[in-house]
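*Asks:*
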Amino acid sequence: MNMKLSTKNVATLLVAASLAAAVPGISQLTVSKKRRESRFDRLLQRHDRKGELRAELLSMNAQDFRQAIRTTSLDTLISQSGMGTKRAFRMALVGRLRDELLSRGWTRARIERYVLIRAVRMA
Numbered sequence: 000m001n002m003k004l005s006t007k008n009v010a011t012l013l014v015a016a017s018l019a020a021a022v023p024g025i026s027q028l029t030v031s032k033k034r035r036e037s038r039f040d041r042l043l044q045r046h047d048r049k050g051e052l053r054a055e056l057l058s059m060n061a062q063d064f065r066q067a068i069r070t071t072s073l074d075t076l077i078s079q080s081g082m083g084t085k086r087a088f089r090m091a092l093v094g095r096l097r098d099e100l101l102s103r104g105w106t107r108a109r110i111e112r113y114v115l116i117r118a119v120r121m122a
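Quick note on numbering that gives the first Met the number 0: the sequence shown kicks off at 0 and runs consecutively.
What follows is the structure, encoded as structure tokens:
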């Protein structure tokens, strides 16, 4: 699938997904009464507005994903897809984002350097 996200957004999502997968508690619920979602989930929703990336990981098409997410939580969709846990979903997301950056001409060293530098700022 050809992602329509900009390279900067893909790189930002990779940093956030790497942090969420590596550091337990980084994506915990915020204390705000208004938004009871994790920082990572909000970032993913913002950059993947149409749900194409999440749908691809869950083996769905984007339209079906958008319909399902209205009535079902992401955790439920993850378990129904056979992926198991949210952590497994995030690890698959990290792999997919790395592959996308590699296909856009980034080297593995550049990806690692970018993640290390940005992770310090985000954490």
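Note that the Cβ used here is the ideal one computed from N, Cα and C, for glycine as well. Just so you know, these numbers come straight off a predicted model, no measurement behind them.
Would you identify the three-state DSSP class for S78, choosing helix, strand or coil?
*Replies:* Three-state DSSP puts S78 in a helix.
*Asks:* Could you pull out every residue in the same chain whose Cβ sits closer than 8 Å to the Cβ of A67, ignoring the five residues on either side in sequence?
*Replies:* So the qualifying residues of the chain are M59, L76.
*Asks:* Would DSSP call S72 helix, strand or coil?
*Replies:* Correct three-state label for S72: coil.
*Asks:* Would you identify the three-state DSSP class for S58, choosing helix, strand or coil?
*Replies:* Coil at S58, not helix or strand.
*Asks:* Pairing CB atoms from the region 3-12 with CB atoms from the region 45-53, are three or more of them under 8 Å?
*Replies:* Taking 8 Å as the limit for Cβ pairs, the verdict is that the region 45-53 does touch the region 3-12.
*Asks:* Could you pull out every residue in the same chain whose Cβ sits closer than 8 Å to the Cβ of R95, ignoring the five residues on either side in sequence?
*Replies:* L52, E55, L56.
*Asks:* Helix or strand or just coil, what does DSSP make of S5?
*Replies:* Looking at S5 - three-state DSSP - the assignment turns out to be coil, as it is neither helix nor strand.
*Asks:* Whole angstroms are fine: how far does the CA of Y113 sit from the CA of R82?
*Replies:* Position check: residue 82 holds Met in this sequence, whereas Arg was assumed. Rounded to whole angstroms, M82 to Y113 spans 28 Å at the Cα level.
*Asks:* One question on the structure: do V93 and A20 come within less than 8 Å of each other, judged by their Cβ atoms?
*Replies:* Yes, the pair counts as a contact, with Cβ atoms nearer than the cut-off.
*Asks:* Which residues bound the alpha helix (DSSP H) around T94?
*Replies:* Reading the sequence as shown, one finds Gly at residue 94 and not Thr. Looking at the DSSP string, the run of the alpha helix (DSSP H) that includes G94 is 85-102.
*Asks:* Is the separation between the beta-carbon of R97 and that of I110 shorter than 8 Å?
*Replies:* Taking 8 Å as the Cβ cut-off, R97 and I110 qualify as a contacting pair.
*Asks:* With a CB to CB cut of under 6 Å and the five nearest residues on each side skipped, what residues in its chain are close to R65?
*Replies:* Cβ within range, chain order: G50.
*Asks:* Using 8 Å as the threshold, is the C-beta distance between T6 and R86 below it?
*Replies:* For T6 and R86, no; Cβs fall outside 8 Å.
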